[in-house]
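Participant: Chains as they are written, first to last, in the working numbering: chain H, 441 to 654; chain G, 343 to 638.
Before I ask anything, let me first share the structure, which is written out below as structure tokens.
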């Protein structure tokens with residue numbers, strides 16, 4: 441493991457021997473003095489700390505001594521209904537990949553995804569990885585000013601969901617009717633380490649499920 | 343039991359202590375951008391240092407009081423008028439039902455903190471709209487007249503930094519020698535710098551970020567993350583502003599010049615401790631003077 445300081449209030453831990461979300465979970469329950477919170481992102485963990493309380497040498501031993509979990513299975517699987525007919529960039533994505541819309545859809549639905557991180561904006565899950573035939577789609581040349589809440593985007597090897605209206609650069613291939621974040625009531629149903637399974641729905645089912653929560 | 347925002351230009355938000363613990367859901371901790379001014383404003387009305395205040399960023403506008411309140415404003419230099427009469431800076435003042443509180447003419451610094459005895463209730467998220475009602479406790483009693491010192495955050499032409507995880511992408515001696523200019527692209531999310539291009543960034547997997555982190559964009563621009571910055575960022579982090587200088591970031595204004603000074607991490611930790619100690623002793627001093635110095 442390697443520890444890179446990011447200023448005097450944060451560390452980035454890399455070269456992990458466990459999945460980043462497991463390390464973040466273990467650190468968050470460690471009650472290590474001065475540790476405010478630990479956050480997973482792909483291959484790294486961010487550690488946010490109070491410099492007055494934090495014991496840097498003790499933290500290295502804590503990392504070395506983390507228990508190795510027997511199973512690396514995702515914590516749980518969430519099924520998220522999505523409607524490809526509401527994916528405004530689906531045709532453009534198919535064109536850029538040189539395959540049909542139906543092929544994009546079947547590749548996107550071909551397997552479950554792991555949530556590697558939540559970030560960018562409240563509740564945005566970074567999911568991976570896309571199968572090869574739909575990988576490598578670039579970001580939009582210029583981000584759109586507004587993205588419909590629930591929009592499902594793809595770029596590079598990642599797919600993700602905009603839970604709220606934000607300027608967005610990922611091409612949009614589908615939309616979920618579910619509400620995926622509500623800061624006021626601390627509703628954050630998706631966590632790093634969860635497995636996400638997309639389920640195809642049509643527009644009439646989309647309208648029926650609009651606004652529902654897990 | 344409130345102040346009503348009658349009209350305003352610029353950004354007014356309710357801000358107090360940061361609220362960590364939700365980064366894993368993509369929610370940054372937020373909190374007042376200039377914690378020194380926040381603490382002084384609160385101290386002038388007898389509050390603990392991090393109660394919610396109104397953070398006014400380059401703001402011009404008017405509030406109306408619906409009852410008796412004890413208020414104080416500290417931070418950027420600006421004019422504050424109650425019913426048309428200008429008040430001295432960095433002192434507490436009483437308002438009554440129907441009084442108008444006008445804030446205008448920011449001449450130095452970016453953010454002014456308006457505190458009320460008992461704090462403002464933190465029920466409003468995001469920029470306050472016209473007509474917003476900011477609830478606070480009624481105050482019956484004499485004002486505390488002690489004056490807060492000028493917040494050190496207003497002296498912000500230089501920020502101290504430490505190298506970040508991707509420090510190898512730029513030349514730090516060149517960075518230290520450069521003068522940057524601040525454009526209009528700055529808010530609580532981030533501050534974009536205009537200046538020499540010191541390197542260019544490869545695409546990396548997203549990694550955690552923090553307030554003060556300096557990201558290098560593919561175009562070679564530098565962006566400093568603010569209290570509402572992203573919890574995870576895709577651009578390399580070449581450096582980070584030391585926490586003792588975060589309050590100064592909150593007082594940066596469009597058009598001003600900015601330089602960086604390289605520090606060691608060990609020094610940054612000592613500075614964080616020294617910063618905390620100085621603030622605590624200044625607050626203790628304010629509280630000591632407060633009640634005895636009352637003008638009634």
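Glycine included, every Cβ here is placed at the ideal spot set by N, Cα and C.
What are the boundary residues of the alpha helix (DSSP H) that residue 544 of chain H is part of?
Facilitator: Here the question's residue 544 of chain H lines up with position 104 in the first chain. 541–548 is the extent of the alpha helix (DSSP H) around residue 544 of chain H.
Participant: Would you decide whether residue 590 of chain G is buried or exposed? Buried here means 16 or more other CB atoms lie within 10 Å of its CB.
Facilitator: As a working mapping, residue 590 of chain G is identified with position 248 in the second chain. The residue in question, residue 590 of chain G, is buried, as its Cβ has 16 or more Cβ neighbours within 10 Å.
Participant: Of all Cβ atoms in chain H, is any one closer than 9 Å to the Cβ of residue 604 of chain G?
Facilitator: By 1-based counting over the second chain, the position of residue 604 of chain G is 262. No, residue 604 of chain G lies away from the interface with chain H (no Cβ there is under 9 Å from its Cβ).
Participant: Apply the 10 Å Cβ neighbour rule to residue 646 of chain H and answer buried if 16 or more other Cβ atoms are within range, or exposed otherwise.
Facilitator: Counting from one through the first chain, the residue named residue 646 of chain H turns up at place 206. It is buried - the Cβ of residue 646 of chain H has at least 16 other Cβ atoms within 10 Å.
Participant: Does DSSP put residue 529 of chain G in a helix, in a strand, or in coil?
Facilitator: On the second chain, position 187 is the one that residue 529 of chain G refers to. Coil, per DSSP.
Participant: What does the Cβ neighbour count give for residue 616 of chain G, buried or exposed, with the cut at 16 atoms within 10 Å?
Facilitator: One-based indexing of the second chain puts residue 616 of chain G at position 274. Label assigned to residue 616 of chain G: exposed.
Participant: Could you give the C-beta distance for residue 572 of chain G and residue 559 of chain H, rounded to a whole number, given that I count them as a contact under 8 Å?
Facilitator: Your numbering for residue 572 of chain G matches position 230 in the second chain. Your numbering for residue 559 of chain H matches position 119 in the first chain. That pair is a contact at about 6 Å.
Participant: Who are the Cβ neighbours of residue 447 of chain G in its own chain at under 7 Å, not counting the five residues just before and after it?
Facilitator: The residue given as residue 447 of chain G occupies position 105 in the second chain. Once the five neighbours on either side are set aside, the close Cβ partners of residue 447 of chain G are 420 and 421.
Participant: Check the Cβ of residue 561 of chain H against every Cβ in chain G and list those closer than 8 Å, keeping chain order.
Facilitator: Counting from one through the first chain, the residue named residue 561 of chain H turns up at place 121. Ordered by position in chain G, the residues that pass the 8 Å Cβ test against residue 561 of chain H are 368 and 572.
Participant: Starting from residue 461 of chain H, trace the beta strand (DSSP E) both ways and give me its first and last residue.
Facilitator: Numbered from 1 along the first chain, position 21 holds the residue referred to as residue 461 of chain H. Run containing residue 461 of chain H: none in the beta strand (DSSP E); it sits in the alpha helix (DSSP H), 460–468.
Participant: Of all the residues that make up the segment 606–628 of chain H, which are near chain G by a beta-carbon distance shorter than 9 Å?
Facilitator: The segment 606–628 of chain H vs chain G, Cβ under 9 Å: 621, 623, 624, 626 and 628.
Participant: Exposed or buried, residue 473 of chain G, counting other C-beta atoms within 10 Å across all chains shown (16 or more means buried)?
Facilitator: Here the question's residue 473 of chain G lines up with position 131 in the second chain. It counts as exposed.
Participant: Out of G/614, G/401, G/345 and G/622, which has the shortest C-alpha to C-alpha gap to residue 480 of chain G?
Facilitator: Translated into the one-based positions of the second chain, residue 480 of chain G becomes position 138. The residue with the shortest Cα to Cα distance from residue 480 of chain G is G/345.
Participant: Give the single residue among H/469, H/561, H/575 and H/448 whose Cα lies nearest to the Cα of residue 607 of chain H.
Facilitator: Here residue 607 of chain H refers to the residue found at position 167 of the first chain. Considering only alpha carbons, the answer is H/561.
Participant: At a CB-CB cut-off below 7 Å, which residues of chain G make contact with residue 499 of chain H?
Facilitator: Position 59 of the first chain, counted from the first residue, corresponds to residue 499 of chain H. Those do not exist, as residue 499 of chain H stays about 14 Å from chain G at its closest Cβ, beyond 7 Å.
Participant: Short of 8 Å in beta carbon distance, which residues of its chain neighbour residue 541 of chain G, apart from the five on each side in sequence? Order them along the chain.
Facilitator: Here the question's residue 541 of chain G lines up with position 199 in the second chain. Counting only Cβ-Cβ distances below 8 Å, and skipping sequence neighbours, we find 511, 512, 513, 558, 562 and 580.
Participant: If we ignore side chains and look at the alpha-carbon of each, how far apart do residue 536 of chain H and residue 543 of chain G end up?
Facilitator: To locate residue 536 of chain H, count along the first chain from 1; it is residue 96. To locate residue 543 of chain G, count along the second chain from 1; it is residue 201. Whole-angstrom Cα-Cα distance: 25 Å.
Participant: Please name the residue, chosen from G/467, G/441 and G/414, that lies closest to residue 460 of chain G on a Cα-to-Cα basis.
Facilitator: The residue given as residue 460 of chain G occupies position 118 in the second chain. Ranking G/467, G/441 and G/414 by Cα distance to residue 460 of chain G puts G/414 first.
Participant: Rounded to whole angstroms, what is the Cα-Cα separation between residue 388 of chain G and residue 454 of chain H?
Facilitator: The residue given as residue 388 of chain G occupies position 46 in the second chain. The residue given as residue 454 of chain H occupies position 14 in the first chain. Each residue's alpha carbon lies about 45 Å from the other.
Participant: With 9 Å as the threshold, decide whether the Cβ of residue 636 of chain G is near any Cβ in chain H.
Facilitator: As a working note, residue 636 of chain G is residue 294 in the second chain. Interpretation of residue 636 of chain G is limited by its pLDDT of 40, a score under 50 that renders its predicted location unreliable; the figure taken from the coordinates is listed afterwards. Not one chain H Cβ lies under 9 Å of residue 636 of chain G.
Participant: Quick one: which unbroken alpha helix (DSSP H) runs of 4-plus residues sit fully inside the segment 546–583 of chain G? Chain order, please.
Facilitator: The qualifying runs do not exist here; there are none.
Participant: Once the 5 residues before and after residue 531 of chain H are set aside, which same chain residues still bring their CB inside 8 Å of it?
Facilitator: Position 91 of the first chain, counted from the start, is the residue given in the question as residue 531 of chain H. Contacts found: 541.
Participant: For a contact meaning CB atoms closer than 8 Å, what does residue 554 of chain G contact in chain H?
Facilitator: Numbered from its first residue, the second chain carries residue 554 of chain G at position 212. What residue 554 of chain G touches in chain H: 447 and 449.
Participant: Does residue 636 of chain G pass the burial test, meaning 16 or more other C-beta atoms within 10 Å, or should it be called exposed?
Facilitator: Mapped onto the second chain, residue 636 of chain G falls at position 294. Confidence at residue 636 of chain G is low in this model, with a pLDDT of 40, below 50, so its placement is unreliable and no value can be given for it.
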